[in-house]
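Engineer: Count along the sequence shown from 1, then add 91; that gives the number in the numbering used here.
The structure that follows is given in the form of structure tokens.
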Amino acid sequence: MNLSWSQGRNGTGNLTATNLNTIVSIPREMNGPGIGTNPDEMLLGASATCYLITFAALLENAKIPVVALSMEAQGFVDVTNGVFTYEKIVHKPNVKVQQLTEREENRISRLAQKAEQTCMISKALKGNVHIECQLQIEHTSDCP
């Protein structure tokens, strides 16, 4: 990964990696220019994508027939005396399935928590950022 930066605090950077090329800056909420993405979004994005990939793999390994899998994620930052602290990330996975038994639904719930415990990014943040999971399971009569 490579990063170049121009100007000072209110400048912009260009982040490049094998499959990523994006502009970064300080977000508007922190009195920055708000151009491109920012470290807060990238941390939340890394956490969310790692979690969802891990959850998808666990569901697949458990042979649970998922019709659709999506997720919303929220990050919460505290500002005390001008110091920004990333406090909490909430993962809100949504699993759409055909009709399942209560036992299978409980299994999905356990896998959602296991994904949080085994995701590499969640483990890296453990002890610094509180991460919680709010699972939603939807039933559909549509064929996959």
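Yeah, the Cβ is synthetic: ideal placement off N, Cα and C, and Gly gets one too.
Keep in mind the model is a prediction, meaning the values are calculated, not measured.
(1) Could you compute how far the alpha carbon of methionine 162 sits from the alpha carbon of glycine 125?
(2) Could you work out which residue in His230, Thr231, Glu229 and Ala206 is closest to glutamate 223 when comparing CA atoms only?
(3) Identify which residue in Leu111, Thr107 and Ser116 has its Cα closest to the Cα of arginine 100.
(4) For a minimum of 3 consecutive residues, which ranges assigned as the beta strand (DSSP E) are wholly contained in the stretch 92 to 123?
(5) Given 8 angstroms as the limit, is there contact between the stretch 180 to 187 and the stretch 210 to 225, that is, 3 or more CB pairs closer than that?
(6) To the nearest angstrom, how far is it from the Cα of isoleucine 144 to the Cα of serine 213?
(7) For isoleucine 114, count neighbouring Cβ atoms within 10 angstroms of its own Cβ and tell me buried if that reaches 16, exposed if not.
(8) Looking at C-alpha atoms only, which residue of Asn93, Leu202 and Cys141 is the closest neighbour of lysine 154?
(9) Distance, Cα to Cα, histidine 230 vs glycine 123?
(10) Given that a residue counts as buried once 16 or more other Cβ atoms are within 10 Å of its Cβ, and exposed if not, what is serine 138?
(11) Look up proline 156 in the DSSP assignment and say whether it is helix, strand or coil.
(12) Where does glutamine 225 sit, in a helix, a strand or coil, going by DSSP?
(13) Phenylalanine 146: buried (16+ other C-beta within 10 angstroms of its C-beta) or exposed?
Structural biologist: Let me spell this out:
(1) 24 angstroms
(2) Ala206
(3) Ser116
(4) 93 to 97, 103 to 108 and 111 to 115
(5) yes
(6) 12 angstroms
(7) exposed
(8) Leu202
(9) 43 angstroms
(10) buried
(11) coil
(12) coil
(13) buried
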